[in-house]
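Enquirer: Quick one: the structure is below, questions incoming.
Residue numbers (our numbering): 4 to 211.
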């Protein structure tokens, strides 16, 4: 059952939750997956760029939680919240300042939520994939609201070639299902990036 909604509109997400549960019954798995993307050096970004990505990538997750989490807790039955972040929620890449900031936020709020829900039947997972072959760039251009500057420019075109070499979404989906079944908090789908994580976290530990 497809229910259209604007994830940046809290009331619209609540309506979608009502419609989904009217059609399917209680929702036991919430996947906060809607996202937007842009790339530009931070000094060249605009306030509209920041507001747009943070509204979709962060507030969209919050709206999903506000719409579904109270229902899940009230039922007292096993349920799962999966927030989609990115390896960009852990690793900084030049040109992806806004996207990275938004995904760091998703990782951080997921870690807090996990602790807040300890002792409840609701579990939390955060998905942090590498490059996946999706329509993220196209949808970001198509759906950017007029209040945030309208359609994005062509500056993301080089990234399209990179994304086209990404992992099949179905492969990521299978790893997500496996991770949820195993009760994993972090779901990391690209093991080839492990050395990059080791370098970052090694630097943090050395700083102590």
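Think of the CB as a built atom: it goes at the ideal place given N, C-alpha and C, for glycine as much as any other residue.
Below 8 Å on the Cβ atoms is my guess for residue 105 versus residue 57; work out the distance and round it to an integer in Å.
Expert: 6 Å
Enquirer: Relative to the C-alpha of residue 75, which candidate in 33, 182, 113 has its C-alpha closest?
Expert: If you compare the alpha carbons of 33, 182, 113 with that of residue 75, the shortest gap goes to 33.
Enquirer: Once the 5 residues before and after residue 69 are set aside, which same chain residues still bring their CB inside 7 Å of it?
Expert: Cβ neighbours of residue 69 beyond the five flanking positions: 13.
Enquirer: Assuming residue 39 and residue 143 are in contact, meaning their beta carbons sit under 8 Å apart, how far apart are those beta carbons, in whole angstroms?
Expert: Right, the Cβ-Cβ distance comes to about 5 Å (below 8 Å), so this counts as a contact.
Enquirer: Since residue 126 and residue 83 are thought to touch, with beta carbons under 8 Å apart, how far apart are those beta carbons, to the nearest angstrom?
Expert: 5 Å
Enquirer: From residue 140 to residue 119, what does the alpha carbon distance come to, in whole angstroms?
Expert: 34 Å
Enquirer: Grab me the residues of residue 16's own chain with a C-beta within less than 7 Å of its C-beta, minus the 5 sequence neighbours each way, in chain order.
Expert: The residues are 8, 10, 66, 67, 70.
Enquirer: Out of curiosity, what's the CA-to-CA distance linking residue 172 and residue 94?
Expert: 21 Å
Enquirer: Rounded to whole angstroms, what's the CA-CA distance from residue 26 to residue 4? Just pull it up for me.
Expert: 7 Å
Enquirer: Taking the alpha-carbon positions, what's the residue 23 to residue 113 distance?
Expert: Distance between the alpha carbons of residue 23 and residue 113 is about 23 Å.
Enquirer: Please confirm whether residue 133 and residue 42 have their CB atoms less than 8 Å apart.
Expert: no
Enquirer: Considering only DSSP beta bridges, list what residue 190 is partnered with.
Expert: 130
Enquirer: Check the C-beta distance from residue 103 over to residue 130 and give it rounded, since I have them as a contact under 8 Å.
Expert: The pair is not a contact, with the Cβ atoms about 16 Å apart (cut-off 8 Å).
Enquirer: Which residue comes first and which comes last in the alpha helix (DSSP H) that contains residue 183?
Expert: Run containing residue 183: 172-185, per the alpha helix (DSSP H) assignment.
Enquirer: Mapping DSSP to helix, strand and coil, what is residue 82?
Expert: If DSSP states are grouped into helix, strand and coil, residue 82 belongs with the strands.
Enquirer: Which same chain residues end up closer than 8 Å to residue 52 when comparing Cβ atoms and leaving out the 5 residues on each side of it in sequence?
Expert: Closer than 8 Å at Cβ, skipping near neighbours: 41, 43, 101, 151, 152.
Enquirer: At what residues does the beta strand (DSSP E) containing residue 34 begin and finish?
Expert: 32-35
Enquirer: Compute the Euclidean distance between the alpha carbons of residue 111 and residue 61, then round it to the nearest angstrom.
Expert: Going by the C-alpha atoms only, they are around 11 Å apart.
Enquirer: On the criterion of 16 or more Cβ atoms from any shown chain inside 10 Å, does residue 79 qualify as buried, or is it exposed?
Expert: exposed
Enquirer: Let me check one thing: in DSSP terms, what residues is residue 43 bridge-paired to?
Expert: DSSP links residue 43 through a beta bridge to 99.
Enquirer: With residue 15 as the anchor, note down where its alpha helix (DSSP H) starts and where it stops.
Expert: 13-27
Enquirer: Just to check my reading of the structure: residue 170 and residue 135 have Cβ atoms closer than 8 Å, yes? What is that Cβ distance to the nearest angstrom?
Expert: 5 Å
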